[in-house]
Each structure stands twice: as structure tokens, then as C-alpha cells.
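Visitor: The numbering of the sequence shown is UniProt numbering, which starts it at 1 and goes up by one. For glycine and all other residues, C-beta sits at the position ideal for the given N, C-alpha and C. Pasting a structure below so you can have a look.
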Amino acid sequence: MKHPRIRFFNPETPDVNQLVLNSRDSICFKHSVNITTMTDKEDVISVDYEIFGRVQGVFFRKYTQAEGKKLGLVGWVQNTEAGTVQGQLQGPSSKVKQMQEWLKTTGSPKSQIVKAEFKNERKIENLGHKNFKIIHP
Numbered sequence: 001m002k003h004p005r006i007r008f009f010n011p012e013t014p015d016v017n018q019l020v021l022n023s024r025d026s027i028c029f030k031h032s033v034n035i036t037t038m039t040d041k042e043d044v045i046s047v048d049y050e051i052f053g054r055v056q057g058v059f060f061r062k063y064t065q066a067e068g069k070k071l072g073l074v075g076w077v078q079n080t081e082a083g084t085v086q087g088q089l090q091g092p093s094s095k096v097k098q099m100q101e102w103l104k105t106t107g108s109p110k111s112q113i114v115k116a117e118f119k120n121e122r123k124i125e126n127l128g129h130k131n132f133k134i135i136h137p
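Structure, rendered in C-alpha cells:
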């Protein structure tokens, strides 16, 4: 029996083109120390978000990036002039849902989340980002 073919890539410079199929036709990839498997039963989705409350000046973007990477997601996060944090998440539906819950309830240790809005949720065929980045204005 041949072992599944899995190739890992550097989490600092992930490249979605390095995703490979294993013998069970699942797409596998490694992000940090987390290995996520997407099967044909789980959709890959994209969702935009905006977080309200005390979310600037409390390392919210840094913690959001770290949590996104931990879950194996790609996307971005940035501060807005209105004092909110906004961004986009992409990845397996279950992992995106976990991240949405984290954004609604946890955030960074010193943040105070008043409201989290999510919109434009949609299934996607291909990831639109290579990693999870902080956008600086």
C-alpha cells in the first residue's frame, strides 16, 4: 500500500500552489503546526468582517492574524478610520466559523468587542490570498 503523498510548505511564505492530492483525493496543507484537511464534503468559503468596540491599540490585528494562521485560514485584517477592525477570512467552512466565533467573543486580551458583523459569505473555488496578513494604512 502506497502512503499518501503530502508535501508541507513553509508557514512564513505559504504557497497555495503547493497543495497536493493524497491517495484519498483530499487536499491537505500545513499552516504553522496545524494540519487541516478539506474533503469534498466541506465547502471553502470567504467572508468579510468588521469588528466594533475597543479593538484598536490593543493588538487586535496581531492576535487576529495569529488565530487565523493557527486555524489554517488565509485573508487579511486592517484598522479603519472609524475605529473598527475589518478584514476577510477564507478557508474551510468549519474553520471560518470557528474564527467568526473567536472574533465575536475573544479577540485580543485587552479588547472589548461590542459587535461583530459578517457579510458577503460565499463559496469559493480558489483561495484569493496566500497567507493571513495585516494591512497597514
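From Ala116 to Val96, what distance separates their C-alpha atoms?
Guide: 14 angstroms
Visitor: Using the C-alpha atoms, what's the distance from Thr64 back to Ser94?
Guide: 17 angstroms
Visitor: Which two residues bound the contiguous beta strand (DSSP E) that contains Val55?
Guide: Element bounds for Val55: n/a, residue is neither H nor E.
Visitor: My guess is that Lys91 and Val74 are in contact by the Cβ rule of under 8 angstroms, so how many angstroms apart are they, rounded?
Guide: Correcting the residue type first, residue 91 is Gly in the shown sequence and not Lys. Gly91 to Val74, Cβ: 6 angstroms. Contact.
Visitor: Which residue wins for smallest C-alpha separation from His136, given the options Phe118, Met99, Gln78, Thr106?
Guide: Gln78
Visitor: Does DSSP classify Lys119 as helix, strand or coil?
Guide: strand
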